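First the structure, in the form of structure tokens, and then the observations on it.
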Ligand code: MF3
Ligand code: CO
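In my numbering, the protein residues as written are 841 to 1130.
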């Protein structure tokens, strides 16, 4: 870890001397590190002013998803959702983070039924009664990133699919109970996994959450097949997403060979996902985007 001298200014931007600011905090992290735990470095611990700017980005992200939730219905195309997301984000001064991200061609991901994630909007894909659809929105505002997604039930959805959608949401709140400083990401991951298993569903292993804020995807990678007491130490100022993908059948997935993006369940059964962006605070967590 890169540490200032005792009398130098603290790395956190407070303007205080290091010895009067984050010195004890850094030493506490080092104690975990010498014990062999994975720990965050300063590049992924956000300062107060960075947190403020990331929250401003999230205000747009939330507003976009609120608009989608008020207007989504049977008969519209996923391309229409893409243009809502695109237009609102630019109007509010942001840029849709998915657009051109590693070649992604659209401004939002729309994943329906057996699509696990990274569905590409198209004028040919029309939402129909009974569909369950994930809309995953990510915003870049002046270089600060936010990311969250919600599920939508279109018209009359089967009880079975409704239960899947509910469990995918509930498991996030089970995981959140474990988000606190000086705990481990694996505490959260195991809580999500235990809950999902108890419902008879499975959790996708290969795709997970991520650190976010100064980049769209930062360390750490956030797994939901992790174990209590493992994975990265959580400390105040870390921001990451919780976005487990929950399959009604088994956990196996495959990637669309033609577009290289869209992920499907291997068995063709439905999958559901909600995503929140969370900040680790001094005494727990704060949800930044949902
Ligand atoms: N929330 C998704 C993720 O973090 C958003 C993906 S956007 C894409 O993976 F451009 F990568 F598809
Ligand atoms: Co994400």
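All residues carry an ideal CB built from backbone N, CA and C; glycine is no exception. Keep in mind the model is a prediction, meaning the values are calculated, not measured.
Here the C-alpha atom of residue 953 lies approximately 15 Å from the C-alpha atom of residue 1092.
Comparing alpha carbon positions, the residue from 966, 1114, 1054 and 1123 closest to residue 893 is 1054. Using a Cβ distance threshold of 8 Å, residue 883 and residue 904 do not count as a contacting pair.
The count of Cβ pairs closer than 8 Å, one atom from the region 913-927 and one from the region 984-991, stays below three, leaving the stretches out of contact. Rounded to the nearest angstrom, the Cβ distance from residue 1083 to residue 1115 is 3 Å, consistent with a contact under 8 Å. Here residue 841 is exposed. Its C-beta has fewer than 16 other C-beta atoms within 10 Å. Sequence-distant partners of residue 847 (beyond 5 residues in either direction) whose C-beta falls short of 8 Å from its own C-beta, in its chain, are 857, 858 and 859.
Closest option to residue 927, judged by alpha-carbon separation, among 910, 948, 944 and 1125: 948.
The beta carbon of residue 888 lies closer than 8 Å to those of 852, 853 and 854 in the same chain, with the five residues before and after it left out. Residue 903 sits in a helix when the DSSP states are folded into three classes. For residue 923, DSSP assigns no beta-bridge partner whatsoever. Counting only runs that start and end inside the region 1066-1106, there is no alpha helix (DSSP H) element of at least 4 residues. With a cut-off of 8 Å on Cβ pairs, the region 964-971 is in contact with the region 995-1014, counting three or more such pairs. When Cβ pairs closer than 8 Å are counted between the two stretches, the region 1026-1039 is seen not to touch the region 1101-1109, the count staying below three. Closest option to residue 964, judged by alpha-carbon separation, among 977, 950, 1058 and 976: 950. The beta carbon of residue 1020 is closer than 6 Å to those of 1124 in its chain, skipping five residues each way along the sequence.
For residue 1043, the pairing in a beta bridge is given by DSSP as 1086.
Secondary structure within the region 843-876: the alpha helix (DSSP H) runs of 4 or more consecutive residues, fully enclosed, are 863-874 (chain order).
Counting along the chain, the unbroken alpha helix (DSSP H) around residue 1000 starts and ends at 999-1016.
Residue 1060 sits close to residue 1080, with the two beta carbons spaced by under 8 Å.
The continuous stretches of beta strand (DSSP E) do not include residue 1034, which lies in the alpha helix (DSSP H) extending over residues 1025-1038.
Under DSSP, no beta-bridge partner is assigned to residue 995.
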